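Right, one structure below, let's go through it.
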Amino acid sequence: MLTIEIDGKAVELPNGSTVMDGANKLGVYVPHFCYHKKLSIAANCRMCLVQVEKAPKPLPACATPATDGMKVWTQSEQARKAQQGVMEFLLINHPLDCPICDQGGECQLQDLAVGYGNSSSRYGEAKRVVFHKEMGPLISAEEMTRCIQCTRCVRFGQEIAGVMELGMIGRGEHSEIVTFVGRTVDSELSGNMIDVCPVGALTSKPFRYSARTWELSRRKSVAPHDSLGSNLVVQVKGERVMRVLPLENEALNECWLSDRDRFSYEALNSDERLDEPMIKRVGADGTPQWQPVDWQTALEFVAGGLKDVVARHGGESLGVLASPTATTEELALVAKLARALGSDNVDFRLRQSDFRGDGQGEGIAWLGMPVAELSSLDRVLVVGSFLRKDQPLLAQRLRTAARKGLAVDVINPVDDDWLMPIAHKAIVQPSAMPSLLAEVLAAVLAAAGKSLPAALSGVTPSDTARAIGASLAGGEKKAILLGNLAEQHPDASQLFALAQALADATGATLGCLTEAANSLGAEIAGARPQAGGLNAQKMLADPRRAYVVLHAEPEFDCANPLAARAALEKADLVVVMSPFRHAEPYADVLLPVAPFTETAGTYINCEGRAQRFNGVVRPHKATRPGWKVLRVLGTLLGLPGFDFETIDDVRAWAVPPQDTITAKLNNRTRVAVAAPVRSANGVERVADVPIYFSDAIVRRAPSLQRTADARPPRARMHPTLLERLGIAEGAQVKVKQGRGEAVLAAVVDAGVPPGVVRVAAAHPSTCHLEGMTGTVTVERA
Amino acid sequence: MSAVPDKITLSADALARIDREIAKYPAGQQQSAVMSALAIAQDEHGWLSTPVMDAVAEKLAMPAVAVYEVATFYTMYNLAPVGRYKLTVCTNLPCALSGGAHAAEHLGKTLGIGFNETTADGRFTLKEGECMGACGDAPVLLVNNKRMCSFMSDAKLDELVAELRASGDAKAG
Numbered sequence: 002m003l004t005i006e007i008d009g010k011a012v013e014l015p016n017g018s019t020v021m022d023g024a025n026k027l028g029v030y031v032p033h034f035c036y037h038k039k040l041s042i043a044a045n046c047r048m049c050l051v052q053v054e055k056a057p058k059p060l061p062a063c064a065t066p067a068t069d070g071m072k073v074w075t076q077s078e079q080a081r082k083a084q085q086g087v088m089e090f091l092l093i094n095h096p097l098d099c100p101i102c103d104q105g106g107e108c109q110l111q112d113l114a115v116g117y118g119n120s121s122s123r124y125g126e127a128k129r130v131v132f133h134k135e136m137g138p139l140i141s142a143e144e145m146t147r148c149i150q151c152t153r154c155v156r157f158g159q160e161i162a163g164v165m166e167l168g169m170i171g172r173g174e175h176s177e178i179v180t181f182v183g184r185t186v187d188s189e190l191s192g193n194m195i196d197v198c199p200v201g202a203l204t205s206k207p208f209r210y211s212a213r214t215w216e217l218s219r220r221k222s223v224a225p226h227d228s229l230g231s232n233l234v235v236q237v238k239g240e241r242v243m244r245v246l247p248l249e250n251e252a253l254n255e256c257w258l259s260d261r262d263r264f265s266y267e268a269l270n271s272d273e274r275l276d277e278p279m280i281k282r283v284g285a286d287g288t289p290q291w292q293p294v295d296w297q298t299a300l301e302f303v304a305g306g307l308k309d310v311v312a313r314h315g316g317e318s319l320g321v322l323a324s325p326t327a328t329t330e331e332l333a334l335v336a337k338l339a340r341a342l343g344s345d346n347v348d349f350r351l352r353q354s355d356f357r358g359d360g361q362g363e364g365i366a367w368l369g370m371p372v373a374e375l376s377s378l379d380r381v382l383v384v385g386s387f388l389r390k391d392q393p394l395l396a397q398r399l400r401t402a403a404r405k406g407l408a409v410d411v412i413n414p415v416d417d418d419w420l421m422p423i424a425h426k427a428i429v430q431p432s433a434m435p436s437l438l439a440e441v442l443a444a445v446l447a448a449a450g451k452s453l454p455a456a457l458s459g460v461t462p463s464d465t466a467r468a469i470g471a472s473l474a475g476g477e478k479k480a481i482l483l484g485n486l487a488e489q490h491p492d493a494s495q496l497f498a499l500a501q502a503l504a505d506a507t508g509a510t511l512g513c514l515t516e517a518a519n520s521l522g523a524e525i526a527g528a529r530p531q532a533g534g535l536n537a538q539k540m541l542a543d544p545r546r547a548y549v550v551l552h553a554e555p556e557f558d559c560a561n562p563l564a565a566r567a568a569l570e571k572a573d574l575v576v577v578m579s580p581f582r583h584a585e586p587y588a589d590v591l592l593p594v595a596p597f598t599e600t601a602g603t604y605i606n607c608e609g610r611a612q613r614f615n616g617v618v619r620p621h622k623a624t625r626p627g628w629k630v631l632r633v634l635g636t637l638l639g640l641p642g643f644d645f646e647t648i649d650d651v652r653a654w655a656v657p658p659q660d661t662i663t664a665k666l667n668n669r670t671r672v673a674v675a676a677p678v679r680s681a682n683g684v685e686r687v688a689d690v691p692i693y694f695s696d697a698i699v700r701r702a703p704s705l706q707r708t709a710d711a712r713p714p715r716a717r718m719h720p721t722l723l724e725r726l727g728i729a730e731g732a733q734v735k736v737k738q739g740r741g742e743a744v745l746a747a748v749v750d751a752g753v754p755p756g757v758v759r760v761a762a763a764h765p766s767t768c769h770l771e772g773m774t775g776t777v778t779v780e781r782a
Numbered sequence: 419m420s421a422v423p424d425k426i427t428l429s430a431d432a433l434a435r436i437d438r439e440i441a442k443y444p445a446g447q448q449q450s451a452v453m454s455a456l457a458i459a460q461d462e463h464g465w466l467s468t469p470v471m472d473a474v475a476e477k478l479a480m481p482a483v484a485v486y487e488v489a490t491f492y493t494m495y496n497l498a499p500v501g502r503y504k505l506t507v508c509t510n511l512p513c514a515l516s517g518g519a520h521a522a523e524h525l526g527k528t529l530g531i532g533f534n535e536t537t538a539d540g541r542f543t544l545k546e547g548e549c550m551g552a553c554g555d556a557p558v559l560l561v562n563n564k565r566m567c568s569f570m571s572d573a574k575l576d577e578l579v580a581e582l583r584a585s586g587d588a589k590a591g
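For the record, the sequence lines run as chains A and B. So in my numbering, the last spot in the first sequence is 782, and the numbers never skip. So in my numbering, the last spot in the second sequence is 591, and the numbers never skip.
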């Protein structure tokens, strides 16, 4: 520790701190542009010059190491003069166009020019002009003349996003920020570059010129997509969500936001919003007609229909398919409604295909540790995950930790670039993942001189498995993380059991990344079978007479979308509760329920943190919050226990206190490790859920749909497989799975193991394939 | 501008020379060789097209835009095709005061081109250079980045141009 004095106030700092750290600790503001607490020090804007005792010239606070006894003045005449001089230089080339600049009102340069600039310029010569750049659908770089070369965006790419997509070319007066010769910025974290830009050079393309910052009200909310539960500031003008920015929360999203969380709000204002309740009636000509109705009529129709089905076919004839992006309150109410009608067929795990672990767990599967602890791990094994696309900011945490020495090992069926150093990786076809995990377990046990469980007696570890085992055996803080793909794997319960055995053998913490914003909330709400009811898979394989669909789009969200559609089309009554108009082919009633911005609710993230939020705008047209609709429906059906008055009443019943939630989190499973079977013959499918097709909201966000990540899926295959099938790259191929097929362009991908075809799920072009895993046939179209 | 293919592979010889440069730095620090790698690539292809920079980036396992940053920072890298002889005249202040500006003007008049232009026969390109560390020898110029010419009076400039015009198919740079 050392002590320095800033403006006469003493502050204690750890060794290796800078003067800027001291100023931040004291709350003394030193003007700056290039300094950012999460990025490396560049010291190229020179705005933070301060006077230091015995230094002949002013020094940049951000890059000056604090030394014991140092005396610093941030407001002295020397410091002020230096800061004013730097400001004058910065303004030489910066255009004076604040009135027409989109950053006006929230611009650091504008703010600091008020404090440190002159009222008029002494510079009368020509200003430089920098050409605009095309950076893709999210970031606008129309006015690069405004750039002050702080290089925050470049450093963000290098250090946080892990991919250097922007760079500064040229030198001196000719420096400018560019992408590499006309390429776009494709990172899934790119929107943060807009936030870190201190001027109006990089601005948000979807938001540009739609509102001024001072017209917007700022309201807190929680991101509804990935399991991190990023905190949001939703900015609202009138009753319209204008943009979404990160709300700093060091324990979760730090000061970042993924593009999915940032730009998905566009869908909330889309034309596809459902305006009012609608009922399908058979018209005079015998064709079905959609008729808008008032809520009373719609709910009476639903209540009557449900009562009728239950009376004629029994409670078990009802199934509930809920999305894990619904709020805990909605999920608890829909589960209560189903159970009160005599049905335990409620499930939110729509993409899961292995339910053998049900009833074997000792608690609710979770991350196994607080999110922030990921940063202090020194060994991690990630099993079955599209980490960068599924949980972009968890990937960012691991990436930052990897730079500080975290060794990342991966067992995955595809070799995606996670933009971080990977210590060891095993890329095998999905059916070989359990046996690979068993090999790692065998290697760890053999190295420790322990005996293998009987079920694994024949397993001999490969070199890769030994290397992963040795890596996990070392280190102090370690974790094994199961990703979304492991959760959706046809042998998910075995992967879980093996990962648990491996965690026990190595002293690592077992964690599940969990699929969606409220996967844990759905567990707390009891939105899965608890008394022998049918799970999501069985509900569709063994069709029900009536379905209630909450926030989900079964035609995209289910593991077997074809079976889902078939079951729903056959049902007598399908009630769809959604903010969007969809499901017309199979629904009988469409009820407009509020998305996360228009209702109060609670999301429980992967670390078990319950985060409450309120609606930030009034619901769109006749839309109503889902909890209110379900409450009224319960009352109309004459069911007991639906007399909630306010969201607080529902919460008090549905969401237990944080301690109770935390106490229920437990990753222990009683599933025994079994001998791994490698059964698959033929070509296996690996399906990712593309980041911008993961739920109903992002699918309708137009700007995200124009990004590189939203390109239509292609059939990605290893060159040897393409050669074996005699298919040229780029040719159309027909992929058949079950009764369904899809025609896609073939593409060579050396990151896919031989014998595997990677075809993304959740997209209109692939939603006729049966199942996200299993064998498929590929032939020339 | 001549048509550039989408992807270029550097010759085995160039790759071997780049490997020799990489070996000068500690393992894992191969990015340090980016300047020499670009020079080698430029010698082979005449100028640094996008695919050439891509090939260098791939060889050194660094982001393409980082290679581009370096290539645009130094004036001796050609980011557009140049003539067979690239004449770079220093016009920094000490040179300019000692006849550098005049030398550039004289050359331009003789060849009928301005800065960053190439003669119609594709033989000469005239460039404005940065300090070559030989202010005492002003005016100075470089032929194809490698040959340094000092005290370039008008007569010596004419001599040089005549020599290069006559040199026929002698290997450039």
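Just so it is clear, CB atoms sit at the ideal spot from N, CA and C, and this is done for glycine as well. Given the structure is predicted, the values throughout are model-derived calculations rather than measurements.
Chain A has no Cβ within less than 8 Å of the Cβ of B:P423.
Using a CB distance cut-off of 8 Å, B:F533 does not count as an interface residue toward chain A. When the Cα atoms are used, A:E331 and A:K337 turn out to be separated by approximately 10 Å. Scanning the stretch 121-193 of chain A for uninterrupted beta strand (DSSP E) segments of 3 residues or longer gives 140-142, 167-170 and 177-180, listed from N- to C-terminal end.
In the pairwise beta carbon analysis, the stretch 3-13 of chain A is classified as touching the stretch 61-72 of chain A: at least three pairs are separated by under 8 Å. Interface flag for A:E166 against chain B is set, since a Cβ pair is found closer than 8 Å. DSSP places A:R545 outside both helix and strand once states are collapsed to three, so it counts as coil. A:E477 is classed as exposed because its beta carbon has fewer than 16 other beta carbons within 10 Å across all chains shown.
Close partners of B:Y486 in chain A (Cβ separation under 8 Å): G168, I170, V179, F181 and V182. Per the coordinates, the alpha-carbon of A:L722 lies some 57 Å from the alpha-carbon of A:T298. If only uninterrupted alpha helix (DSSP H) runs of at least 4 residues are considered, those enclosed by the stretch 257-339 of chain A are 260-264 and 296-314. The Cβ of B:A482 sits closer than 8 Å to at least one Cβ of chain A.
Around the beta carbon of A:P720, a 10 Å sphere encloses fewer than 16 other beta carbons of the protein chains shown; the residue is thus reported as exposed. The straight-line gap separating the alpha-carbon atoms of A:I280 and A:L569 is approximately 16 Å. At a cut-off of 3 residues, the continuous stretches assigned as beta strand (DSSP E) that sit fully inside the stretch 495-534 of chain B are 503-508. Rounded to the nearest whole angstrom, the C-alpha separation of B:T528 and A:L97 is 44 Å.
In the DSSP assignment, B:H463 falls outside any beta strand (DSSP E) and within the unbroken alpha helix (DSSP H) covering V452 to H463. Counting the other CB atoms within 10 Å of its CB gives A:D589 a total of 16 or more, which places it among the buried residues.
Taking all protein chains shown into account, B:K477 has 16 or more neighbouring C-beta atoms within 10 Å of its C-beta and is therefore buried. For A:K735, the enclosing beta strand (DSSP E) begins and ends at Q733 to Q738. The stretch 192-204 of chain A and the stretch 143-158 of chain A touch, with no fewer than 3 CB-CB distances between them shorter than 8 Å. If the five residues before and after A:A268 are omitted, its C-beta is found closer than 6 Å to the C-beta atoms of I698, R701 and A702, all from its own chain and listed in chain order. Just measuring C-alpha positions, the residue of A:S344, A:R153, A:D660 and A:E177 sitting nearest A:L307 is A:S344. For A:I5, the secondary structure class from DSSP, reduced to helix, strand or coil, is strand. In the structure shown, A:S766 falls within a coil segment according to DSSP collapsed to helix, strand and coil. Take the alpha-carbon of A:E143 and the one of A:F356: they are about 51 Å apart. DSSP lists A:V411 as the beta-bridge partner residues of A:K426. If you draw a straight line from the Cα of A:R759 to the Cα of A:D689, it is about 8 Å long. Of A:T624, A:D650 and A:K735, the smallest CA-CA separation from A:D295 is found for A:T624.
Among the CB atoms of chain A, one or more fall inside 8 Å of the CB of B:F491. Scanning B:S571, B:S467 and B:A479 for the CA closest to the CA of B:I426 turns up B:S467. Contact between B:L582 and B:C567 does not hold, since the beta-carbon distance rounds to 11 Å and is not under 8 Å. Taking a beta-carbon distance threshold of 8 Å, B:T468 counts as an interface residue toward chain A. Apart from the 5 residues on each side of it in sequence, A:R707 sits with its Cβ closer than 6 Å to the Cβ of P138 in its chain, given in chain order.
CA-CA distance, A:P714 to A:A480, rounds to 32 Å. Per DSSP, reduced to three states, the secondary structure at A:S432 is helical.
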